[in-house]
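To start, the structure under review is shown below, and the notes come after it.
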Amino acid sequence: MTGDPKNLSCEEFQSQLADLIGSGEDVTQHPHLLTCSNCRALLADLQTIADAAKQLIPVEPPQEDLWERIELAIKRDEGTTEPD
Amino acid sequence: MPRTNPVKTDLSSADSPEQPRPQVSAGTNSTPSGDDTLARAQAGDHHAFAQLYSIHKRRIYSLCLRMVGNAAEAEDLTQEAFLQLHRKIATFRGDSAFSTWLHRLAINVVLMHLRKKGLPLMSLDEAMEPTHDDGPGRSFGAPDLSLSGSIDRLALERAVADLPAGYRLIFVLHDVEGYEHNEIAGMLDCSIGNSKSQLHKARLKLRDALRTSLQKEGQR
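If you read the protein sequences in the order shown, they are chains A and B.
Going by numbering that gives the first Met the number 0, the first sequence opens with residue 0, and the numbers climb by one from there.
Going by numbering that gives the first Met the number 0, the second sequence opens with residue 0, and the numbers climb by one from there.
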């Protein structure tokens, strides 16, 4: 591996990417990205995914009868279930 | 839109202390009526507890569903979370928003369930380490299909559901729910480095899945 970040191969850069992102530094300023559209596109896609995840909203509600099941479980838990 | 501009990255922004957690902010105790409902539920009012369920069921179910990727299992876990809530609600002291407290309680229920199933949460990195043949998303060749700055929500939901369990867990906790790596490391009893590494691999896997999905759409 070379010591100069500018001369990193894509493989070398991408192997460091998790650490670079995790460090909180501005990865976009990494010298490798100035000359590598492939790795720029990869980083952009990862950003798009992270942004899209933040926008995910709660999905559909659970089945209507779930509350009845919970009520039953609570009653059982409290030992108040009526004997058959 | 072609992505020619420099990429603004805040991929790790959830680690910033000042970053508000995106979806765990609206506490039921944030309004007078919410306060009242919570207080009544804490005092044992069954109708008030039912109201709390009604308010929070969708978020808690969604959390469970995204964490385990299976609707029936998610319903069972939602049930267990509300049963635990019923047992513990009197101990809530308001140190955080009620919704945040409930959210964390539900996460603990899911994690306990996954541990019982034998998912090795403590050694995710080793367990999930991809081989060189099928590793996610290395992109050494020429630029090809990119996600073009936007992702269909349903496609993302599907791709998240299809992630291997360990990757899914980290991705949901960090990118969807907004927990920080140090919090996740505490929850999963792993290192912060493991959490970061797993998140990166999860995003790479998602990228692969979403690009495959786009390619299939393009072929129709």
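Ideal Cβ placement from N, Cα and C applies to all residues, glycine included.
Item to check | Nearest-angstrom Cα separation, counted from Glu24 (chain A) out to Ala17 (chain A) | outcome: Translated into the one-based positions of the first sequence, residue 17 (chain A) becomes position 18. Translated into the one-based positions of the first sequence, residue 24 (chain A) becomes position 25. Near 12 Å, if we compare the C-alpha coordinates of Glu24 (chain A) and Ala17 (chain A).
Item to check | Helix, strand or coil at Glu70 (chain A) according to DSSP, with G and I counted as helix | outcome: As a position in the first sequence, residue 70 (chain A) is number 71, starting the count at 1. Glu70 (chain A) falls in the helix class under three-state DSSP.
Checklist entry - Would the beta-carbon of Ala164 (chain B) fall within 9 Å of that of Ala208 (chain B)? => result Here residue 164 (chain B) refers to the residue found at position 165 of the second sequence. Here residue 208 (chain B) refers to the residue found at position 209 of the second sequence. Cβ atoms of Ala164 (chain B) and Ala208 (chain B): not closer than 9 Å.
Item to check | Beta carbon proximity, Ser53 (chain B) to chain A, threshold 9 Å | outcome: For the purposes of this step, residue 53 (chain B) is taken as the residue at position 54 of the second sequence. By this cut-off, Ser53 (chain B) is an interface position.
Next on the checklist: Taking the straight line between their C-alpha atoms, what separation do you get for Gln22 (chain B) and Glu176 (chain B)?
Outcome noted: What you label residue 22 (chain B) is simply residue 23 of the second sequence in a count that begins at 1. What you label residue 176 (chain B) is simply residue 177 of the second sequence in a count that begins at 1. Residue placement at Gln22 (chain B) is poorly supported in this model, since its pLDDT is 39, which falls under 50; the coordinates are not used for a value here.
Checklist entry - DSSP on Gln214 (chain B), reduced to helix/strand/coil? => result Here residue 214 (chain B) is taken as the residue at index 215 of the second sequence, counted from 1. Per DSSP, reduced to three states, the secondary structure at Gln214 (chain B) is helical.
Next on the checklist: Could you check whether the Cβ of Gly78 (chain A) sits closer than 9 Å to any Cβ belonging to chain B?
Outcome noted: Working through the first sequence from its first residue, we reach residue 78 (chain A) at position 79. It does not: the Cβ of Gly78 (chain A) has no partner Cβ on chain B nearer than 9 Å.
Item to check | C-beta neighbour in chain B for Thr34 (chain A), strict 9 Å | outcome: Counting from 1 along the first sequence, the entry for residue 34 (chain A) is found at position 35. Not an interface residue.
Next on the checklist: On the DSSP letters alone, give me the boundaries of the alpha helix (DSSP H) that Arg39 (chain A) sits inside.
Outcome noted: One-based indexing of the first sequence puts residue 39 (chain A) at position 40. Per DSSP, the unbroken alpha helix (DSSP H) holding Arg39 (chain A) starts and ends at Ser36 to Gln54.
Checklist entry - Taking the alpha-carbon positions, what's the Thr27 (chain A) to Leu153 (chain B) distance? => result Indexing the first sequence from 1 puts residue 27 (chain A) at position 28. Indexing the second sequence from 1 puts residue 153 (chain B) at position 154. Computed Cα separation, rounded: 29 Å.
Next on the checklist: How far does the alpha helix (DSSP H) with His180 (chain B) in it extend, from its first residue to its last?
Outcome noted: To locate residue 180 (chain B), count along the second sequence from 1; it is residue 181. For His180 (chain B), the enclosing alpha helix (DSSP H) has its first and last residue at His180 to Leu187.
Next on the checklist: Let me see if you follow: with CB-CB separation under 9 Å, is Pro61 (chain A) close to chain B or not?
Outcome noted: In the first sequence, counting from the first residue as 1, residue 61 (chain A) sits at position 62. At least one chain B Cβ lies under 9 Å of Pro61 (chain A).
Checklist entry - Which residues in the same chain as Cys35 (chain A) place their Cβ atom closer than 8 Å to its Cβ, once the five residues preceding and following it in sequence are excluded? => result The residue you call residue 35 (chain A) lines up with position 36 of the first sequence. Counting only Cβ-Cβ distances below 8 Å, and skipping sequence neighbours, we find Cys9 and Phe12.
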